[in-house]
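This report refers to the structure that appears directly beneath it.
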Amino acid sequence: MQKYLLSLMCGMLFMSSQTGFANEPVVKDGNTELHLEELRLIVDSWTPEMKEAAATDDAALYNLLNQAVAIKKMAQQAEEMTPEKDGVDYWRKEMAKQKTMQVFIFRQFTDSLVVPDLTALAKERYQTQKKKYAWIPEKRQSSHILLRCAPPKCLWQSRGEEMKEIQAELDIMPFEDVARNRSEDVGTARKGGSLSLAVALTDPQVDKAYRKALFELEKVGQVSPMVGSSFGLHLIRLDAIEEGYFRPYNQVRDAIVSDITTEYKKMKVREYNESFRFTDETSIDDAAMRELLAPYKD
């Protein structure tokens, strides 16, 4: 019986697609029917795995169609509810339906919304908000020597004297050699203390105290005084400065157009939403509303 039903369903689906009878049911169970275009949307909503299973396995197809029919039967049952028979549950159902319809209508509106050519506006915004869209801030490369210690007091009390000894070594030995011998940051020590990345002043990947001290250094090769961070005590050397610059318009055009498009759609959605608000024909039963809200008064 199951194989017969599947063959019948597939045959009806084929006939409907060939003859264009989109109004003819492809699946029918009593008063519940699934039509070709309806099924097309249902199939579109399936995951790739579900689609593949339905296309290659009759049992999987049967189960998926069975589920689709069950969902429609539930919706039909909900539509049979009345205020007299079901009381507040009827209105709960209506509110749920209204919220679903609201989402559907707004999605339909946004999907059909035609966005004008925003090229001219994008060029203008590039000029007026150039720093927001195009500025690449200065970055600095650095090396460091680290003595690990949990802040705050032990930084200076237990390891401060040791760091002073290291500072003295820097007067007679290259920074890289001292870093290899004394730094407790294993990852950078074997590279002579190099962080191997350029750091911006606002870079969240690097400790704030480290960044602040690095950007206070005035010239390449300069070594900072002792700096306490969440990792311990550092000596930081400025290795290179990558100057900040503005990216050209063609590199940021898409990002600007995307922002303006989002703003345009939000504006149109607000306007569309306002079109459904109160009109001059609105009337409110003030007494009924006051009675309804009376229990909530202080």
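Per my numbering: the sequence shown = residues 11 to 308. The beta carbon of each residue, even a glycine, is placed where N, CA and C say it ideally should be. As the structure is a computational prediction, the values presented were derived from the model and not from experiment.
Segment limits, alpha helix (DSSP H) that includes residue i
| i | result |
| --- | --- |
| residue 195 | Here residue 195 belongs to no alpha helix (DSSP H), and DSSP marks it neither H nor E. |
| residue 113 | 98 to 122 |
| residue 271 | 259 to 284 |
| residue 82 | 68 to 89 |
| residue 132 | 129 to 138 |
Residue i vs residue j beta-carbon contact at 9 Å
| i | j | result |
| --- | --- | --- |
| residue 207 | residue 148 | no |
| residue 247 | residue 233 | yes |
| residue 188 | residue 155 | yes |
| residue 8 | residue 157 | One cannot answer for residue 8 here, as it falls past the ends of the chain, which runs 11 to 308. |
| residue 224 | residue 176 | no |
| residue 173 | residue 236 | yes |
Identity of the residue in the options nearest residue i by Cα
| i | options | result |
| --- | --- | --- |
| residue 273 | 120, 293, 62 | 120 |
| residue 85 | 66, 42, 123 | 42 |
| residue 241 | 216, 250, 262, 265 | 216 |
| residue 167 | 243, 180, 89 | 243 |
| residue 194 | 182, 159, 171 | 159 |
| residue 255 | 268, 228, 227, 143 | 143 |
| residue 107 | 88, 125, 93, 97 | 88 |
| residue 117 | 268, 61, 279 | 279 |
Beta-carbon proximity list for residue i, same chain, < 8 Å, skipping 5 on both sides
| i | result |
| --- | --- |
| residue 298 | none |
| residue 44 | 35, 36, 37, 38, 52, 75, 78, 79, 82 |
Beta-carbon contacts of residue i that lie in its chain and below 7 Å, excluding the five residues immediately before and after
| i | result |
| --- | --- |
| residue 307 | none |
| residue 253 | 148 |
| residue 179 | 188 |
| residue 259 | 133, 136 |
| residue 91 | 99, 100, 103 |
Residue i - containing beta strand (DSSP E), residue span
| i | result |
| --- | --- |
| residue 304 | Run containing residue 304: none; DSSP gives neither H nor E here. |
| residue 210 | 204 to 210 |
| residue 170 | Where residue 170 is concerned, there is no enclosing beta strand (DSSP E), although the alpha helix (DSSP H) it sits in stretches over 170 to 179. |
Cβ neighbours of residue i in the same chain (closer than 6 Å, five flanking residues each side left out)
| i | result |
| --- | --- |
| residue 239 | 217, 219, 220 |
| residue 289 | none |
| residue 304 | none |
Residues that residue i bridges to, as DSSP identifies them
| i | result |
| --- | --- |
| residue 39 | 42 |
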